[in-house]
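In this note's numbering, the protein residues as written are 9 to 350.
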């Protein structure tokens, strides 16, 4: 019997990506879709590329009957999700794609997001949703907080190396480029074609980007002591994709061997032969992460490069991986589609 699924915030990019992926999932039936300004419209009107999919009309959240729903994906803006999830029926499993439950300490949430956490009790039961590293917790969870797309990319490059003690924890630099869809679908002047195309720029410079909260939380937990990385994201004039170039002190061959060992059985994580470099064009529209390692001309330094699609593996694909575990399905169900190229 198919699991009944609702998507809140279906009119955004991550909502559309959830529908695209779930439309061919063997075990899920989308029974409710919510939107705010676009309530009353069909998904085909909002996203013409989904015209062929038989879907319910977009409605307001308070119009949804959750009694027959098994799991809810929340693809709502940050700072609005806490109150929405707090009001949902207790029988529902929830996969949250916002930042509202990612940080375990409510004080960290207030530090990085500028306001007190509005659902502290629920925060205590939330499980961090980086699937490959929290599988057992996710299987048993009612509420899973999916990671930030930038945070996921950096963690795939670094977590095994921190756990194995292969790199200098006080000298980690993450230089990251990301596509514009990561900024969401709401109109913004700086995202207009004339403002964005034919150039690129850094943002969140100097340790103020919110995904640093996740890096601090996860890397410090792994290391058993405080770890603070340098992280600078850059906005690319591209729709999709994240490329993170990570600079570390350590032996390049040992680093490559450890990533290869750690990810040998992971269906979505691909470690390239030593010296080969990943590209966003090779993961576009897929749930895969490509990782490459190279040595630097200076002895004892290495470069780790990670590429993923911010809307798929960085967000909606990760969310479906987590839902599959929560509902007892194969983790890869609905997610083995090949990336789109060219």
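Where is the CB? At the ideal position from N, CA and C, for every residue including glycine.
All values reported here derive from a predicted model rather than from experimental measurement.
Burial state of residue 348 (16 or more Cβ within 10 Å) | exposed
Own chain, CB closer than 6 angstroms to residue 25, minus 5 neighbours either side, in chain order = 319 and 324
Could you tell me whether the stretch 181 to 190 touches the stretch 143 to 160, using the rule of 3 or more Cβ pairs below 8 angstroms?
-> yes
How about residue 100 and residue 67: do their beta carbons lie closer than 8 angstroms?
-> no
Note down, one range per segment and in chain order, each beta strand (DSSP E) of at least 3 residues found wholly within the stretch 185 to 266.
-> 238 to 243 and 250 to 257
With DSSP as the reference, label residue 327 as helix, strand or coil.
-> helix
Could you give the C-beta distance for residue 165 and residue 54, rounded to a whole number, given that I count them as a contact under 8 angstroms?
-> Not quite, the Cβ-Cβ distance comes to about 35 angstroms (not below 8 angstroms), so this is no contact.
Kindly indicate the opening and closing residues of the alpha helix (DSSP H) around residue 171.
-> 157 to 171
Between the CA atoms of residue 218 and residue 211 - distance to the nearest angstrom | 11 angstroms
What does a CB cutoff of less than 8 angstroms around residue 133 pick up in its chain, not counting 5 residues either side in sequence?
-> 149, 150 and 151
Under 8 angstroms by Cβ, that's how I've got residue 73 and residue 87 pegged, so tell me the actual separation to the nearest angstrom.
-> The pair is not a contact, with the Cβ atoms about 26 angstroms apart (cut-off 8 angstroms).
Whose C-beta lies closer than 8 angstroms to the C-beta of residue 91 among residues of the same chain, with five residues either side of it excluded?
-> 126 and 127
Check whether the Cβ atoms of residue 41 and residue 58 lie closer than 8 angstroms to each other.
-> no
Separation of residue 15 from residue 228, as counted between CA atoms = 33 angstroms
How is the beta strand (DSSP E) around residue 309 delimited, first residue to last?
-> 309 to 316
C-beta contact flag for residue 51 and residue 80 at 8 angstroms | no
My understanding is that residue 18 touches residue 43, with C-beta atoms under 8 angstroms, so please give their C-beta distance in whole angstroms.
-> 6 angstroms
Going by C-alpha distance, which of 75, 113 and 136 is nearest residue 104?
-> 136
Would you decide whether residue 260 is buried or exposed? Buried here means 16 or more other CB atoms lie within 10 Å of its CB.
-> buried
Does the beta-carbon of residue 97 have 16 or more other beta-carbons within 10 angstroms, so that it is buried, or is it exposed?
-> exposed
Could you give the DSSP three-state label for residue 94: helix, strand or coil?
-> helix
Taking residue 153 as part of the beta strand (DSSP E), name the residues at either end of that continuous run.
-> 151 to 153
Whose C-beta lies closer than 8 angstroms to the C-beta of residue 308 among residues of the same chain, with five residues either side of it excluded?
-> 257, 258 and 259
So, are the CB atoms of residue 206 and residue 245 less than 8 angstroms apart?
-> yes
Rounded separation between residue 118 and residue 124 - CA only | 5 angstroms
According to the neighbour-count rule (16 or more other Cβ atoms, all chains shown, within 10 Å of its Cβ), is residue 238 buried or exposed?
-> exposed
According to DSSP, what are the bridge partners of residue 41?
-> 15 and 66
Inspect the beta-carbon positions of residue 263 and residue 310 and report whether they are closer than 8 angstroms.
-> yes
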